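Asker:
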Amino acid sequence: LIMFLILKGLFAKHRWSCSFSVLYHFVVCVCCFLHLMFQISDLFSCALIVVTFVMHWTFSIENGPRRVNHAAVAYNNYIFSFGGHSAEEVQVVYEKIDIHVFCPTAFKWKEMPMPDYSNIYNHWAPCHRYGHTAVTYKDKCYIFGGRNIKVGACLGVFQFDFKTRVWHKKATLGYKVYPRDAHTCCVYGSMMIIFGGFVEYTQQFSNDVFILDLDTFIWRKPNVTGTPPIWRDFHTATVIGDRMYVFGGRSDEAAPYHSNVERYPTDLFYLDLSTFTWHEVQTTGERPTGRRSHSAWEHSGCLYIFGGYNGLTNHHSNSVYRFNPNSSKWEKLKPGGCPPTPRRRQCCVKIGSKVYIFGGTSPQFPVSHYYRIVGPNELYDLSDLYILDMNPTLETLCMESLLNRKAVIKKSEIPKILW
3 LIMFLILKGL FAKHRWSCSF SVLYHFVVCV CCFLHLMFQI SDLFSCALIV
53 VTFVMHWTFS IENGPRRVNH AAVAYNNYIF SFGGHSAEEV QVVYEKIDIH
103 VFCPTAFKWK EMPMPDYSNI YNHWAPCHRY GHTAVTYKDK CYIFGGRNIK
153 VGACLGVFQF DFKTRVWHKK ATLGYKVYPR DAHTCCVYGS MMIIFGGFVE
203 YTQQFSNDVF ILDLDTFIWR KPNVTGTPPI WRDFHTATVI GDRMYVFGGR
253 SDEAAPYHSN VERYPTDLFY LDLSTFTWHE VQTTGERPTG RRSHSAWEHS
303 GCLYIFGGYN GLTNHHSNSV YRFNPNSSKW EKLKPGGCPP TPRRRQCCVK
353 IGSKVYIFGG TSPQFPVSHY YRIVGPNELY DLSDLYILDM NPTLETLCME
403 SLLNRKAVIK KSEIPKILW
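To get the working numbering, take the position in the sequence shown, counting from 1, and add 2.
Put into structure tokens, the structure is as follows:
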């Protein structure tokens, strides 16, 4: 075990991902030898074998909010999910946005009680919406954009105070930013950076960059140089260091206009946030196919992609890809455990080394679930939540094994490292 930990640490430190399979098979051989020669327990031996996975789908639950195109953030190790569309709910035109909270320790969702709307501030809570964005800054959450099923694109910037649970509609100055949905939003310092999306007023896809200073609430359109990504929506934008990486999304042959002849770009761009210059990355390796409505996150300086949908091939994905900025190489990964069904329009929140993926819509009908058909293409709105552990511990993997097997064992039979 000590030898394995030392080797794994060296591989992780130097990012020798191409040689990880060698380490994996080496440890498997050692575990098998120990098991045969010294009769080490199955639980301990198996855990040592699977612990060599770079990442692992660990736990999943059902009966969360059944939503698509919702927006979520993490605060104090809780997940706050705002709004989203549900085909099973009748939405009133001016209904206020709802909030669901997930506790990772209790493994439960809870709908937050609606605030007192007689309060002058809560009166300005945002209306229910989907395709919006949510980010956190200084104990506050900021909601921007999105679309209401009855009234269309949504105006304004809304602030939710996690401590007081009070909404504020922020008065902004500066550049006029038109309402949009399916855009991306990242926080870098005090800047809330908006990119792309579909602008209802002009009926066009966007590839513009806008910045809202979250201290002064002044909008500006920075002087951006370089060749930008083509116009798109339902893409992802992820900040890694001083760069904002943009991948995927849906564009159009007539872009920026909408002609219903879709394009799904596979190129990767980053915006240098120190100079506001666009750069297209010349990548190698197994690049992800074009997709929209996928998820992306950063871990240990690398970019990860999950899921999404390509309308040209009518393909939903549940694959995981990693891009290493140091080598400019894409790699398709095979995490351990049981993955989610292929899906799009899900939410993704990272807390520590755990990635929480929940909701969305899928063409697949899992045997254990009872979803209602919600559209002519037999898509199913999902209420599940999956955890992808980027650095699974021995304890996590053993507990997952016990839960999956519904095993009942004595404490004396469990290695002390687990309790």
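Glycine is no exception: its CB is placed at the ideal position from the N, C-alpha and C atoms. Note that the coordinates shown come from a computational prediction; the quantities given were computed from them, not determined experimentally.
Can you tell me whether tyrosine 177 is buried or exposed? The criterion is at least 16 other CB atoms within 10 Å of its CB, across all chains shown.
Answerer: On the sequence shown, residue 177 is found 175 positions in, with the first residue counted as 1. Under this definition tyrosine 177 is an exposed residue.
Asker: Report the residue from Arg347, Leu396, Pro224, Leu399 whose alpha carbon sits nearest the alpha carbon of glycine 85.
Answerer: Against the sequence shown, residue 85 aligns to sequence position 83. Minimum Cα-Cα distance from glycine 85 among the listed residues Arg347, Leu396, Pro224, Leu399 corresponds to Arg347.
Asker: So, for phenylalanine 236: in the same chain, excluding its five sequence neighbours on each side, which residues have a beta-carbon less than 7 Å away from its beta-carbon?
Answerer: Position 234 of the sequence shown holds residue 236. Taken in chain order, the residues that qualify are Ala184, Gly251, Arg252, Arg294, Ser295.
Asker: Straight-line CA distance for proline 106 to tyrosine 80?
Answerer: By one-based count along the sequence shown, residue 106 stands at place 104. By one-based count along the sequence shown, residue 80 stands at place 78. About 7 Å.
Asker: What did DSSP end up calling tryptophan 233 once you bin it into helix, strand or coil?
Answerer: Taking the sequence shown and counting its residues from 1, the one referred to as residue 233 is at position 231. In this structure, tryptophan 233 counts as coil in the three-state DSSP scheme.
Asker: Apply the 10 Å Cβ neighbour rule to threonine 238 and answer buried if 16 or more other Cβ atoms are within range, or exposed otherwise.
Answerer: Within the sequence shown, numbered from 1, the residue matching residue 238 stands at position 236. Buried, since its Cβ has 16 or more Cβ neighbours within 10 Å.
Asker: Going straight from the alpha carbon of isoleucine 145 to that of tyrosine 306, what length do you get?
Answerer: Taking the sequence shown and counting its residues from 1, the one referred to as residue 145 is at position 143. Taking the sequence shown and counting its residues from 1, the one referred to as residue 306 is at position 304. The alpha-carbon atoms of isoleucine 145 and tyrosine 306 are separated by roughly 24 Å.
Asker: Under a Cβ-count criterion, where at least 16 other Cβ atoms within 10 Å of its own Cβ denotes burial, should threonine 54 be classed as buried or exposed?
Answerer: Position 52 of the sequence shown, counted from the first residue, corresponds to residue 54. Here the model assigns threonine 54 a pLDDT of 44, short of 50, so the residue's position is not dependable, and the following value carries that caveat. Under this definition threonine 54 is a buried residue.
Asker: Who are the near neighbours of isoleucine 242 in its chain, counting only those whose CB is closer than 6 Å to its CB and skipping five residues on each side?
Answerer: Locating residue 242 in the sequence shown gives position 240, where the first residue counts as 1. So the qualifying residues of the chain are Glu300.
Asker: Excluding the five sequence neighbours on either side, which residues of its own chain have a C-beta within less than 7 Å of the C-beta of valine 366, listed in chain order?
Answerer: By one-based count along the sequence shown, residue 366 stands at place 364. Valine is not the amino acid found at residue 366; the sequence shown has glutamine there. Cβ within range, chain order: Thr343, Pro344.
Asker: Have a look at the DSSP bridge pairing and note the partners of glutamine 206.
Answerer: In the sequence shown, counting from the first residue as 1, residue 206 sits at position 204. According to DSSP, which records beta bridges pairwise, glutamine 206 is partnered with Val201, Tyr259.
Asker: Does the distance from the C-beta atom of asparagine 209 to that of proline 231 stay below 8 Å?
Answerer: On the sequence shown, residue 209 is found 207 positions in, with the first residue counted as 1. On the sequence shown, residue 231 is found 229 positions in, with the first residue counted as 1. Yes, the Cβ-Cβ distance between asparagine 209 and proline 231 is below 8 Å.
Asker: Sorted by chain position, which residues of the same chain lie with C-beta nearer than 8 Å to alanine 173's C-beta, five sequence neighbours on each side aside?
Answerer: The residue labelled residue 173 in the question sits at position 171 within the sequence shown. Phe219.
Asker: How big is the Cα-Cα spacing for arginine 69 and aspartate 215?
Answerer: Stepping through the sequence shown from its first residue, residue 69 is reached at position 67. Stepping through the sequence shown from its first residue, residue 215 is reached at position 213. Their backbone Cα atoms lie some 30 Å apart in a straight line.
Asker: Here's a check: name, in chain order, each residue in its chain whose Cβ is nearer than 6 Å to the Cβ of cysteine 349, leaving out the five neighbours to either side.
Answerer: Within the sequence shown, numbered from 1, the residue matching residue 349 stands at position 347. Taken in chain order, the residues that qualify are His72, Ala74, Phe360, Gly361.
Asker: Leaving out five residues before and five after phenylalanine 308 in sequence, what residues of the same chain have Cβ atoms less than 6 Å from its Cβ?
Answerer: Reading the sequence shown from its first residue, position 306 is the one you call residue 308. Beyond the five residues adjoining it in sequence on each side, phenylalanine 308 comes within less than 6 Å, by CB distance, of Ser297, Val322 in the same chain, given in chain order.
Asker: Candidates Thr395, His87, Cys188, Thr286: which alpha carbon is nearest cysteine 143's?
Answerer: In the sequence shown, the residue the question calls residue 143 occupies position 141. The shortest Cα separation from cysteine 143 among Thr395, His87, Cys188, Thr286 belongs to Cys188.
Asker: Does the Cβ-Cβ distance between phenylalanine 104 and leucine 387 come in under 8 Å?
Answerer: Here residue 104 is taken as the residue at index 102 of the sequence shown, counted from 1. Here residue 387 is taken as the residue at index 385 of the sequence shown, counted from 1. Yes; because the gap between Cβ atoms is below 8 Å, this pair is in contact.
Asker: Which ranges would you report for the alpha helix (DSSP H) in the stretch 121 to 203 if only whole runs of at least 4 residues count?
Answerer: none
Asker: With DSSP collapsed to three states, give me the class of leucine 381.
Answerer: As a position in the sequence shown, residue 381 is number 379, starting the count at 1. Three-state DSSP puts leucine 381 in coil, outside helix and strand.
Asker: Count the other CB atoms, across all protein chains shown, that sit within 10 Å of the CB of arginine 182; report buried if there are 16 or more and exposed otherwise.
Answerer: By 1-based counting over the sequence shown, the position of residue 182 is 180. Arginine 182 should be labelled buried.
Asker: Look at the Cβ atom of tyrosine 272, then the Cβ atom of arginine 234, and state whether they are nearer than 8 Å.
Answerer: In the sequence shown, counting from the first residue as 1, residue 272 sits at position 270. In the sequence shown, counting from the first residue as 1, residue 234 sits at position 232. Not in contact: tyrosine 272 and arginine 234 (Cβ atoms no closer than 8 Å).
Asker: Can you give the Cα-Cα distance for threonine 279 and glycine 228, rounded to whole angstroms?
Answerer: The residue given as residue 279 occupies position 277 in the sequence shown. The residue given as residue 228 occupies position 226 in the sequence shown. Rounded to the nearest angstrom, the two C-alpha atoms are 5 Å apart.
Asker: Can you list, in chain order, the residues of its chain whose CB lies under 6 Å from that of alanine 136, leaving out five sequence neighbours each side?
Answerer: Here residue 136 is taken as the residue at index 134 of the sequence shown, counted from 1. For alanine 136, where only same-chain residues beyond five positions count, the Cβ hits under 6 Å are Ala73, Val75, Phe84, Cys143, Ile145.
Asker: Going by CA-CA distance only, name the one from Glu97, Leu335, Ser385, Glu380 that's closest to histidine 58.
Answerer: As a position in the sequence shown, residue 58 is number 56, starting the count at 1. Selected option, being the one with the closest Cα: Leu335.
Asker: So if DSSP puts lysine 356 in a beta bridge, which residue, or which two residues, is it bridged to?
Answerer: Sequence index remark: in the sequence shown, residue 356 carries index 354 (1-based). Paired residue(s): Ile353, Asp391.
Asker: Grab the span of the beta strand (DSSP E) containing glycine 240 for me, first residue to last.
Answerer: Counting from one through the sequence shown, the residue named residue 240 turns up at place 238. According to the sequence shown, residue 240 is threonine rather than glycine. Its beta strand (DSSP E) spans residues 238 to 242.
Asker: Looking only at its chain, what residues have a beta carbon closer than 8 Å to the beta carbon of isoleucine 353, apart from the 5 residues adjacent to it on each side?
Answerer: Stepping through the sequence shown from its first residue, residue 353 is reached at position 351. Here isoleucine 353 has Ala76, Asn79, Ile81, Pro106 as same chain residues with Cβ atoms under 8 Å from its own Cβ, once five neighbours each way along the sequence are excluded.
Asker: Can you name, in chain order, every residue of its own chain whose Cβ lies under 6 Å from the Cβ of histidine 130, other than the five neighbours on each side?
Answerer: For the purposes of this step, residue 130 is taken as the residue at position 128 of the sequence shown. So the qualifying residues of the chain are Gly85, Gln93, Glu97, Ile99.
Asker: Below 7 Å CB to CB, which residues in the same chain sit around lysine 171 once its five sequence neighbours on both sides are set aside?
Answerer: The count along the sequence shown starts at 1 and reaches residue 171 at position 169. Hits under 7 Å: Trp126, Gly158, Phe160.
Asker: Straight-line CA distance for methionine 392 to aspartate 217?
Answerer: As a working note, residue 392 is residue 390 in the sequence shown. As a working note, residue 217 is residue 215 in the sequence shown. Taking the straight line joining both Cα atoms gives about 34 Å.
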